[in-house]
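Since the structure comes first, as structure tokens, the remarks are kept for the end.
Numbering (this note's numbering), first residue to last: 805 to 1087.
Here's what the structure looks like:
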């Protein structure tokens, strides 16, 4: 994804207290959008990449990001989403009986300088437990204060997928592709049947893990539809279509379609910004 900064002609920082700021901290950089009218009108879309070739750590990069002009204003609401390949889904009963670290470390390592957060999936009896760099969490809290809401990057997809599944009894698979990992979510009749993350380095890895899930769960790739979101270059879409019959990239709802059809946002990749555009569903 190339760096970009798009701004609506009506955008004015002097009205920031009526705006909503939504930020996604990615593996490869940061994206944010600014909206108004309860997330109904898009005002700004921004993405910048983290240059791994520079002699700068990701931690230092994140600190520098907070010098961005957009982060120096007060907003009606701020949502920060954190991208991580280490998420654990816990049923409500298990969550109530154990501390976060006990549940999380069954599947993942908790690294130094990380803290754990949890998110209750509104439309399912489950929690998402995920890590955040402690210093990054502190920077968000100090910068945005009481108006801050924190979510895992995958939360908007969970909420929208479960809601969508209420309208159909069919099994549906979602794949959210990030820089070096992808999330796979399978839902049916508003129930989460499967969720996991997989790290990968190339298309062959990606296809191997996807098709292995089909095999292990005894799913028919000629019948189960797959929706792709996140980073969706044509090469990955084409590779998925080689093995799975029904493949599509995630599409905006009518209200979101109206948002991104406004100038100058009509050419942005909706799958890439899906989590930000749809994060209000997590409230």
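For each residue, glycine too, the CB sits at the ideal point set by N, CA and C. If you're wondering where the values come from, they're calculated on a predicted model, not measured in any experiment.
**Prompt:** Is residue 1059 buried or exposed, if buried means 16 or more other CB atoms sit within 10 Å of its CB?
**Reply:** Exposed, by the Cβ-count rule.
**residue 910 in three-state terms, based on DSSP** = Collapsing the DSSP output to three states places residue 910 in coil.
**Prompt:** Quick one: is residue 806 buried, meaning 16 or more other Cβ sit within 10 Å of its Cβ, or exposed?
**Reply:** By the neighbour-count definition (other C-beta atoms within 10 Å, threshold 16), residue 806 is an exposed residue.
**Asked** Are at least three pairs of beta-carbons, each pair with one atom in the stretch 1003–1010 and one in the stretch 962–972, less than 8 Å apart?
**Response** Judged by Cβ distances under 8 Å, the stretch 1003–1010 makes no contact with the stretch 962–972, as fewer than three pairs qualify.
**Item:** Cβ-based burial, residue 873 [other Cβ within 10 Å; buried from 16]
**Value:** By the Cβ-count criterion, residue 873 is exposed, with fewer than 16 other Cβ atoms from all chains shown falling within 10 Å of its own Cβ.
**Asked** DSSP on residue 1058, reduced to helix/strand/coil?
**Response** DSSP, reduced to helix, strand and coil, places residue 1058 within a helical segment of the structure shown.
**Item:** Per-residue burial, residue 833 [other beta carbons within 10 Å of its own, 16 or more giving buried]
**Value:** So residue 833 counts as buried.
**Asked** What is the residue span of the beta strand (DSSP E) that residue 1013 lies within?
**Response** First-last for residue 1013: 1007–1020, but that is the alpha helix (DSSP H), not the beta strand (DSSP E).
**Straight-line gap, residue 808 to residue 898 (C-alpha atoms, nearest Å)** = C-alpha separation (whole angstroms): 42 Å.
**Message:** Using 8 Å for Cβ pairs, my map puts residue 824 next to residue 843. What's the rounded Cβ distance?
**Reply:** Contact holds; Cβ gap of about 6 Å.
**Prompt:** Around the Cβ of residue 883, are there at least 16 other Cβ atoms within 10 angstroms (buried) or fewer (exposed)?
**Reply:** Buried: at least 16 other Cβ atoms inside 10 Å.
**Message:** For residue 1085, list the residues DSSP reports as bridge partners.
**Reply:** Residue 1085 is not bridged to any residue.
**Asked** In the structure shown, what three-state DSSP assignment does residue 1078 receive?
**Response** Three-state result, residue 1078: helix.
**Message:** With a threshold of 8 Å, are at least 3 pairs of Cβ atoms found where one atom belongs to the stretch 1028–1045 and the other to the stretch 1067–1081?
**Reply:** Using a C-beta cut-off of 8 Å, the stretch 1028–1045 makes contact with the stretch 1067–1081, since at least three inter-stretch Cβ pairs fall below that distance.
**Prompt:** Whose C-beta lies closer than 6 Å to the C-beta of residue 1049 among residues of the same chain, with five residues either side of it excluded?
**Reply:** Only 1026 meet the Cβ criterion.
**Prompt:** Short check: CB of residue 815 to CB of residue 837, under 9 Å?
**Reply:** Result no, Cβ atoms of residue 815 and residue 837 do not sit closer than 9 Å.
**Request:** Output the distance between the C-alpha atoms of residue 895 and residue 860, rounded to the nearest integer angstrom.
**Result:** When rounded, the distance between both Cα atoms is 39 Å.
**Prompt:** Taking buried to mean at least 16 other C-beta atoms within 10 Å of its own C-beta, is residue 854 buried or exposed?
**Reply:** For residue 854, the number of other beta carbons within 10 angstroms of its own is at least 16, and it is reported as buried.
**Asked** Just reading off the beta strand (DSSP E) that residue 884 is part of, what are its end residues?
**Response** Segment 881–886, the beta strand (DSSP E) holding residue 884.
**Contact belief for residue 1021 with residue 1047 at Cβ below 8 Å, rounded distance in angstroms** = With a Cβ gap of about 15 Å, residue 1021 and residue 1047 do not count as contacting.
**Request:** Answer yes or no: do residue 954 and residue 944 have a C-beta to C-beta separation smaller than 9 Å?
**Result:** Cβ distance < 9 Å, so residue 954 and residue 944 count as in contact.
**Prompt:** In whole angstroms, what separates the C-alpha of residue 845 from that of residue 1063?
**Reply:** Between residue 845 and residue 1063, the C-alpha separation is close to 6 Å.
**Asked** Can you tell me where the beta strand (DSSP E) with residue 999 in it begins and where it stops?
**Response** Per DSSP, residue 999 belongs to the beta strand (DSSP E) from 995–1003.
**Request:** Give the DSSP bridge partners of residue 839, in chain order.
**Result:** DSSP lists 824, 846 as partners of residue 839.
**Asked** What number of angstroms, rounded off, separates the C-alpha of residue 1057 from the C-alpha of residue 840?
**Response** Going from the Cα of residue 1057 to the Cα of residue 840 covers about 18 Å.
**Message:** Give me, in chain order, the residues of the same chain whose beta-carbon lies closer than 8 Å to that of residue 917; leave out the 5 immediate sequence neighbours on both sides.
**Reply:** Around residue 917: 937, 938, 939.
**Prompt:** Roughly how many angstroms separate the alpha carbons of residue 904 and residue 810, rounded to a whole number?
**Reply:** Approximately 39 Å, taken between the alpha carbons.
**Request:** Would you list the one or two residues that DSSP bridges to residue 977?
**Result:** Looking at the DSSP assignment, residue 977 forms a beta bridge with 990, 1030.
**Request:** From the DSSP output, read off the bridge partner residues of residue 953.
**Result:** Looking at the DSSP output, residue 953 bridges to 883.
**Asked** The alpha helix (DSSP H) with residue 1045 in it runs from where to where?
**Response** Residues 1038–1047.
**Coil, strand or helix - residue 877 by DSSP** = Residue 877 carries a coil assignment under DSSP once its states are collapsed to helix, strand and coil.
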